[in-house]
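If you count the sequence shown from 1, you need to add 148 to reach the working numbering. Take a look at the structure below.
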Amino acid sequence: MEVTQHIIRSTQTEDDAILQAIKAPCDLLLVFASPAFFSSSSLLTDIIASGVPVAGCGTSGEITAGDVREQSAVFTRIDLKGKGFARIAVSQVHEEDYFNCGKALGESLRGDDLKAVIIFTRGIDFVPGEMFDGLHHVLGTDLLICGGMAGDNASYVQTFTLSPQRISDHDVVAAGLYGDNLAVSQAVIGGWQSFGPIRQVTRSENNILYELDGTPALDIYKKYLGRSASRLPISGLLFPLEMMDSYDEPSGLLRALYDVNETDGSLILGGKIEQGAYLRLMHASTNDLISGVEDAAQSFSLSVENQFKPAFALVVSCLARKIVMGDQVEEEVEAITSALGQDLPVCGFYSNGEFGPLTAPGPCKLHNQTMIVTLFGTTD
149 MEVTQHIIRS
159 TQTEDDAILQ
169 AIKAPCDLLL
179 VFASPAFFSS
189 SSLLTDIIAS
199 GVPVAGCGTS
209 GEITAGDVRE
219 QSAVFTRIDL
229 KGKGFARIAV
239 SQVHEEDYFN
249 CGKALGESLR
259 GDDLKAVIIF
269 TRGIDFVPGE
279 MFDGLHHVLG
289 TDLLICGGMA
299 GDNASYVQTF
309 TLSPQRISDH
319 DVVAAGLYGD
329 NLAVSQAVIG
339 GWQSFGPIRQ
349 VTRSENNILY
359 ELDGTPALDI
369 YKKYLGRSAS
379 RLPISGLLFP
389 LEMMDSYDEP
399 SGLLRALYDV
409 NETDGSLILG
419 GKIEQGAYLR
429 LMHASTNDLI
439 SGVEDAAQSF
449 SLSVENQFKP
459 AFALVVSCLA
469 RKIVMGDQVE
479 EEVEAITSAL
489 GQDLPVCGFY
499 SNGEFGPLTA
509 PGPCKLHNQT
519 MIVTLFGTTD
């Protein structure tokens, strides 16, 4: 596998050599770019017209090796050197039928030696859980799925995905990677610490949490935040909610707080919350989050070392983590680069939601406040 990367820092670039290199034949071109490249530049439409198999989305920050970029476009060209191939499928959710959207993607991608699927969706008003169910219904629950929900620099107005067909604010784009010697591995990284009692969700609808233990969720949330409650909703990014499993143990899923409703006392979260589920508050300092990435990345690197040789890493991290860490956000990406090797190509983005299992292999879930690292390589 050969991986090359090009970075463009302006929507008005005229560097013909780079443009031609980006459009050169390859098995898959991954693109992560600031929203301006989707809405006010001909660059991406030119790439579509070239016929290159392209998949990607808009971001709230572009990730490369040891760096977090703003207002750029990162192009990662993947050449499987005749030992595999990529296939791209595109679908949409019609009448809230997420399951059949996922099923259609799965049927398009089903094939021998399918090792991983990278998915990009819109980042606003999208609930992917049943889409994953549809994919797994066709492709099985052990297939590795990664990717995330597109970002738009935290404006929550319009997000974009990119496929060989078009730029869209509604398409779900999925890239399947195939090959007998293709190898993938994944790490789901948090760094948060739980505190306070476990509470039951007594009223919820989709991603809106109305009540915990029969009390308005906002009232309970404010009680634990103390003086920080005056800065809601932004201060809520420091206190995500941890979802518990049926044994009252941490499930590995977090839900970020994106807004509050003072009128009905509800919390608007970054993903679906089931009524009857159990939750607990979490918190962390920036140093805790960075230390969590450092420790997890080192363990991940050691676990992969004797399995296969990584060719590139796809890193999808939550916009909420970026906001919490502020000027220190590059440190979590530097920790990944330090653990995996300075020469390893890294591509990715800050997202409105991250896709990956609780533990691999396993069914894909929507994560918040999480960094998910997927390594791709070959066994020879």
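Positions of the beta carbon are idealized from the N, C-alpha and C atoms, including for glycine.
Can you name, in chain order, every residue of its own chain whose Cβ lies under 8 Å from the Cβ of residue i, other than the five neighbours on each side?
i             : result
aspartate 361 : Arg347, Gln348, Thr350 and Ile368
valine 216    : Gly209, Glu210, Lys470, Val477, Glu478, Val481 and Tyr498
proline 345   : Arg428
arginine 314  : Ile196
threonine 161 : Leu167 and Leu191
Suppose the cutoff is 6 Å on Cβ atoms and the five residues either side in sequence are ignored; what does the same chain contact list for residue i look like?
i             : result
lysine 254    : Looking at the sequence shown, residue 254 is not lysine but glycine. If we look at glycine 254 and ignore the five residues flanking it on each side, its Cβ neighbours are Leu283, Val286 and Leu287.
threonine 434 : Met473 and Gln476
proline 493   : Val151, Gln153 and Phe460
glutamine 423 : Val349 and Ser352
leucine 380   : Val408
glycine 232   : Tyr326, Gly327 and Leu330
serine 189    : Thr159
glutamine 219 : Ser182
glycine 384   : Leu405
alanine 377   : Lys370
valine 305    : none
Compute the distance between the beta-carbons of residue i and residue j, then report whether it is under 8 Å.
i                 : j                 : result
isoleucine 236    : alanine 203       : yes
threonine 526     : lysine 457        : yes
glycine 214       : valine 481        : yes
glycine 296       : phenylalanine 268 : yes
valine 179        : leucine 310       : yes
phenylalanine 308 : phenylalanine 186 : yes
glycine 277       : leucine 514       : yes
alanine 234       : leucine 325       : yes
valine 452        : isoleucine 211    : no
arginine 375      : histidine 318     : no
glycine 501       : threonine 289     : no
isoleucine 471    : cysteine 294      : no
leucine 506       : serine 399        : yes
glycine 504       : cysteine 512      : yes
aspartate 300     : proline 183       : yes
alanine 508       : glutamine 334     : yes
alanine 169       : glycine 206       : no
cysteine 466      : threonine 411     : no
Spatial neighbours of residue i within its chain, please: CB distance less than 7 Å, with the 5 preceding and 5 following residues excluded, ordered by chain position.
i                 : result
leucine 228       : Met149, Asp175 and Gly327
lysine 171        : Ile195, Ser198 and Val200
phenylalanine 274 : Met297
leucine 415       : Leu357, Ala365, Leu366, Tyr369, Leu405 and Val408
proline 312       : Ile196, Pro201, Val202 and Ile236
arginine 403      : Pro388, Leu389, Met391, Leu417, Gly418, Gly419, Ile421 and Asn516
Less than 8 Å between the CB atoms is what I'm expecting for residue i and residue j, so what's the real figure, rounded?
i                 : j                 : result
leucine 389       : histidine 431     : Not quite, the Cβ-Cβ distance comes to about 11 Å (not below 8 Å), so this is no contact.
leucine 401       : phenylalanine 343 : Going by Cβ atoms, the distance from leucine 401 to phenylalanine 343 rounds to 17 Å, so no, they are not a contact pair.
aspartate 208     : alanine 323       : Inspection of the sequence shows that residue 208 is occupied by serine rather than by aspartate. In fact, because the Cβ distance is near 21 Å, the residues do not count as touching under 8 Å.
leucine 427       : arginine 469      : At roughly 19 Å, the Cβ-Cβ gap does not stay under 8 Å, so leucine 427 and arginine 469 are not in contact.
isoleucine 156    : alanine 221       : 5 Å
cysteine 249      : serine 239        : 5 Å
phenylalanine 223 : leucine 177       : 6 Å
asparagine 329    : aspartate 528     : 5 Å
Return the residue from the list the options that minimises the CA-CA distance to residue i.
i                 : options                           : result
aspartate 261     : Asp475, Ile156, Ser399 and Ala331 : Ala331
phenylalanine 448 : Ile337, Glu502 and Glu359         : Ile337
glutamine 490     : Asn500, Cys512, Ala461 and Gly496 : Ala461
alanine 483       : Ala445, Thr507 and Ser465         : Ala445
serine 158        : Leu192, Ala169, Leu177 and Pro173 : Leu192
glycine 131       : Thr363, Ser394, Asp443 and Gly384 : Outside the displayed span of the chain (149 to 528) sits residue 131, for which this structure offers no information.
isoleucine 531    : Ala181, Ile226 and Leu417         : As displayed, the chain neither begins before 149 nor continues past 528, which places residue 531 out of reach and without an answer.
methionine 391    : Asp443, Ser378, Leu450 and Asn516 : Asn516
valine 321        : Ile266, Leu292, Ser378 and Glu243 : Ile266
tyrosine 395      : Asn354, Ala425 and Glu243         : Ala425
asparagine 355    : Leu488, Ile272, Ala487 and Asp245 : Ile272
leucine 291       : Ser378, Glu359 and Gly259         : Gly259
serine 486        : Gln306, Leu450 and Val241         : Leu450
serine 316        : Val241, Glu397, Asp443 and Thr161 : Val241
Relative to the ligand ATP, is the shortest distance from any of its heavy atoms to the C-beta of residue i smaller than 7 Å?
i           : result
alanine 264 : This structure lacks the ligand ATP, and indeed carries no ligand of any kind.
- Task: Could you name each continuous alpha helix (DSSP H) segment of 4 residues or more that falls completely within the region 435 to 497, going from the start of the chain to the end?
- Result: 467 to 473 and 478 to 488
- Query: Which parts of the region 204 to 279 are runs of the beta strand (DSSP E), unbroken and 3 residues or longer, counting only runs that do not cross its ends?
  - Reply: 210 to 212, 215 to 217, 221 to 227, 233 to 239 and 262 to 269
- Query: Fully enclosed by the region 345 to 392, which alpha helix (DSSP H) runs are 4 residues long or longer?
  - Reply: 365 to 373
- Query: In chain order, which continuous runs of the beta strand (DSSP E) of length 3 or greater are located wholly inside the region 318 to 344?
  - Reply: 320 to 326 and 330 to 337
- Whole alpha helix (DSSP H) elements within the region 497 to 524, 4-residue minimum: none
- Message: Please give the ranges of any alpha helix (DSSP H) in the region 155 to 191, keeping only runs that are unbroken, at least 4 residues long and fully inside the region.
- Response: 164 to 170 and 184 to 187
- Message: Just to confirm the assignment: which complete alpha helix (DSSP H) runs, minimum length 4, are found wholly within the region 277 to 307?
- Response: 277 to 287
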